[in-house]
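A.B. asks:
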Amino acid sequence: KLRGTDLFNTAKKRCQSVLNACKAKGANISQIQSRYEIDIDRDCISYENGLEKMNQTLRKNVRSATQMLQKARLAVLDNNNTYDAKGCVGALEQCMTDNMVCGSDYSKCLDPTKRYIDENGRVVLGQNVSKIRDMMENFDNSMIDSAFISSAWNASGMLNCDTEPNNDGRCIVKYLLGKIGMAESTSSGLCRPVLEKCQKHTYDSRGKYNPKNSIVVNYIQRAMINIRASQEKIISDYASSCMADIATCYSKQVTQINAWSSNANVQNVYAVLKGACRNVALTCSYAVFASDTTSNGCPINDPDTCIENISDIFYQSMLCPENSTWVADDSATMGSVYNDTNIYVNERCICQAGYGVVSGVCTQCPTGLVFNPECSINADNSSCSTIVIGCGCPGDQEWNGTTCQSSTTP
């Protein structure tokens, strides 16, 4: 393709014959050439202007594209650093305490072996739930750092989590790390995507994900404290409620449930709990006697003694009358005060808050009387009722033998 001077000279040669013919007829060749050159200049200027406009448009488009690319890069950068360090730890904790992961109280992550507490956070019957304490017997929160994270993650399986050297919490840490995700891929764990939003703290200088980053370390430190507290709570909660589980199981094995107190005795209760209700009774005894491995509690490797002792407690709880609750204290006497709101109806049971005792039965304080912890069975108090133990006259009133009257009454 010809351009510039080459194009002009070629066109001039081709047009020379036309010019010669025009000259022969008397035309002014210089004028024709000048007019032609003016047309060429005009076309060139138009073409040049067109190119300039096109270039301007292209430059504008390039600038716009560059700006959009910069904005996109900033958006990606912002998204990758949505959280600061504190916010990222909080976001990771929020993800891990979701009900699909560990649950709000970490109940689904308290036992990585699932031997004592199942995947739904429920105590496994027949197992010693107090053993979850042993998994953190040598735990020291100040020792959790990137090296501990690495050691825990590389530990083999979930074996011997309650014995040295694995009883420093590493099994639980390994389980948590698996829930978070330790690989480069965001699909490696349920909460791995959270750590993409704080890459300033979770990626190294080469742009590679660091699974032992400061966010994970700080989160694990916080989580392990909560997990230890939740372990104690689940043992305590189960110990306080498992008598109801024993009662449910027992009621399915015997008849005349309403006559428990007259027909049952500790031996036949023990027989039922040792047989059909063994797992329920044994698990309950492990929780109730979690801190007592003596012969009066739950000795190690002696499940029958554990069941015998829990049977005795259960039998005593069966003797609690209506509106009363069993408590683990066999040194009390009927009518003695348990606390500021409760009084003993017998040596093992206390009345509901605000109730008094009449003939071994818990009853609300009659109209005109209020519960008074100073009105025990042997109280020497002029305001105390002689009819309902635990109830007395309000304010400065005194008991006259039948009702309350003002202490100033003549």
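Its first residue numbered 720, the sequence shown is counted upward by one per residue in the working numbering.
Just so it is clear, CB atoms sit at the ideal spot from N, CA and C, and this is done for glycine as well.
None of the values given here were measured: they were computed from a predicted structure.
Span of the alpha helix (DSSP H) holding Cys734?
C.D. replies: That run of the alpha helix (DSSP H) goes Gly723 to Ala743.
A.B. asks: Can you name the residues that DSSP bridges to Gln1124?
C.D. replies: Glu1117.
A.B. asks: Based on the DSSP secondary-structure assignment, which residues constitute the bridge partners of Ser1043?
C.D. replies: Cys1070, per the DSSP bridge assignment.
A.B. asks: Relative to the C-alpha of Val988, which candidate in Asn1028, Asn1020, Asn1015 and Ala958 has its C-alpha closest?
C.D. replies: Among Asn1028, Asn1020, Asn1015 and Ala958, the Cα nearest to that of Val988 is on Asn1028.
A.B. asks: So, helix, strand or coil for Cys910, using DSSP?
C.D. replies: Correct three-state label for Cys910: coil.
A.B. asks: Three or more C-beta pairs under 8 angstroms: does that hold for the region 1105-1117 against the region 1076-1086?
C.D. replies: Yes, they touch.
A.B. asks: Taking all protein chains shown into account, decide if Thr921 is buried (16 or more other Cβ within 10 angstroms of its Cβ) or exposed.
C.D. replies: Its Cβ being crowded by 16 or more others within 10 Å, Thr921 is buried.
A.B. asks: Near Gly1114, what residues of its chain come up, given a Cβ to Cβ distance below 8 angstroms and the 5 sequence neighbours on each side ignored?
C.D. replies: Excluding residues within five positions, none has a Cβ falling inside 8 angstroms.
A.B. asks: Report the start-end ranges of each alpha helix (DSSP H) in the region 769-829 that is 4 residues or longer and not cut off at the edges.
C.D. replies: Listed in chain order, they are 804-815.
A.B. asks: Going by beta carbon distance, what residues of the same chain come within less than 7 angstroms of Gln1116, once the five residues before and after it are set aside?
C.D. replies: The residues are Ser1102, Cys1123, Gln1124, Ser1125 and Ser1126.
A.B. asks: For Tyr755, does the three-state DSSP call read helix, strand or coil?
C.D. replies: Correct three-state label for Tyr755: helix.
A.B. asks: Report the rounded CA-to-CA distance for Cys917 versus Asp859, giving the unit in angstroms.
C.D. replies: For Cys917 and Asp859, the distance between alpha carbons rounds to 28 angstroms.
A.B. asks: So Val1080 is in the alpha helix (DSSP H); what residue range does that whole segment cover?
C.D. replies: Run containing Val1080: none in the alpha helix (DSSP H); it sits in the beta strand (DSSP E), Val1080 to Gln1083.
A.B. asks: Where do the ends of the alpha helix (DSSP H) carrying Phe1008 lie?
C.D. replies: Here Phe1008 belongs to no alpha helix (DSSP H), and DSSP marks it neither H nor E.
A.B. asks: For Pro831, tell me which candidate among Ser1104, Ala958, Asp864 and Gly888 has the shortest Cα-Cα distance.
C.D. replies: For the residues Ser1104, Ala958, Asp864 and Gly888, the minimum Cα distance to Pro831 belongs to Gly888.
A.B. asks: Using CA atoms only, rank isn't needed, just tell me which of Tyr938, Phe1033 and Ser906 is closest to Thr967.
C.D. replies: Out of Tyr938, Phe1033 and Ser906, Phe1033 has the C-alpha closest to the C-alpha of Thr967.
A.B. asks: Counting Cβ pairs closer than 8 angstroms, one from the region 879-895 and one from the region 762-772, do we hit at least three?
C.D. replies: Result no; under three Cβ-Cβ pairs closer than 8 angstroms.
A.B. asks: Report the three-state DSSP secondary structure of Val1089 (helix, strand or coil).
C.D. replies: Of the three classes helix, strand and coil, the one that applies to Val1089 here is strand, per DSSP.
A.B. asks: Unbroken beta strand (DSSP E) runs of length 3 or more, entirely within the region 839-891: which are they?
C.D. replies: Those beta strand (DSSP E) runs which fall completely within the region 839-891 and span 3+ residues do not exist here.
A.B. asks: Check this for me: beta carbons of Ser1043 and Val1064, under 8 angstroms apart or not?
C.D. replies: In this structure, Val1064 lies closer than 8 angstroms to Ser1043 by Cβ.
A.B. asks: Would the beta-carbon of Leu811 fall within 8 angstroms of that of Leu914?
C.D. replies: Contact: yes.
A.B. asks: In whole angstroms, give me the CA-to-CA distance for Asp760 and Ser783.
C.D. replies: Spanning the two alpha carbons is a distance of roughly 34 angstroms.
A.B. asks: Work out the CA separation of Ser826 and Asp803 for me, nearest whole Å.
C.D. replies: Computed Cα separation, rounded: 28 angstroms.
A.B. asks: Quick test of your reading: Ser899 and Cys807, contact by CB under 8 angstroms. State the CB separation rounded to the nearest angstrom.
C.D. replies: Per the sequence presented here, residue 899 reads as Ile, with Ser not at that position. Contact flag wrong, Cβ pair sits at about 12 angstroms.
A.B. asks: Using beta-carbon positions only, say whether Asn847 and Tyr835 come within less than 8 angstroms of one another.
C.D. replies: Against a cut-off of 8 angstroms, the Cβ pair of Tyr835 and Asn847 comes out as a contact.
A.B. asks: Could you spell out where the alpha helix (DSSP H) holding Asn937 opens and where it closes?
C.D. replies: Element bounds for Asn937: Ser933 to Gln972.
A.B. asks: I'd like to know whether the C-beta atoms of Thr816 and Gly809 end up nearer to each other than 8 angstroms.
C.D. replies: Not in contact: Thr816 and Gly809 (Cβ atoms no closer than 8 angstroms).
A.B. asks: Would you give the residue range spanned by the alpha helix (DSSP H) that Ser1055 belongs to?
C.D. replies: Run containing Ser1055: none; DSSP gives neither H nor E here.
A.B. asks: Is the CB-CB distance between Ile944 and Leu829 below 8 angstroms?
C.D. replies: Contact: no.
A.B. asks: With a threshold of 16 other CB atoms inside 10 Å of the CB of Ser980, please say whether the residue is buried or exposed.
C.D. replies: For Ser980, the predicted model reports a pLDDT of 49, less than 50, meaning its position is unreliable and no value from the coordinates is stated.
A.B. asks: Could you give the C-beta distance for Ile965 and Leu992, rounded to a whole number, given that I count them as a contact under 8 angstroms?
C.D. replies: Contact holds; Cβ gap of about 7 angstroms.
A.B. asks: For Ile1069 and Cys1017, I'd like the C-alpha separation in whole angstroms.
C.D. replies: Near 25 angstroms, if we compare the C-alpha coordinates of Cys1017 and Ile1069.
A.B. asks: Just to confirm, are Cys1039 and Thr1002 a CB contact at a threshold of 8 angstroms?
C.D. replies: Taking 8 angstroms as the Cβ cut-off, Cys1039 and Thr1002 do not qualify as a contacting pair.
A.B. asks: Based on Cα-Cα distance, which residue from Ser955, Gln986 and Gly994 lies nearest to Gln972?
C.D. replies: Ranking the options by Cα distance to Gln972, first place goes to Gly994.
A.B. asks: For Ser980, name the three-state secondary structure that DSSP assigns.
C.D. replies: In this predicted model, Ser980 has a pLDDT of only 49, less than 50, meaning its place in the structure is not dependable enough to derive any value.
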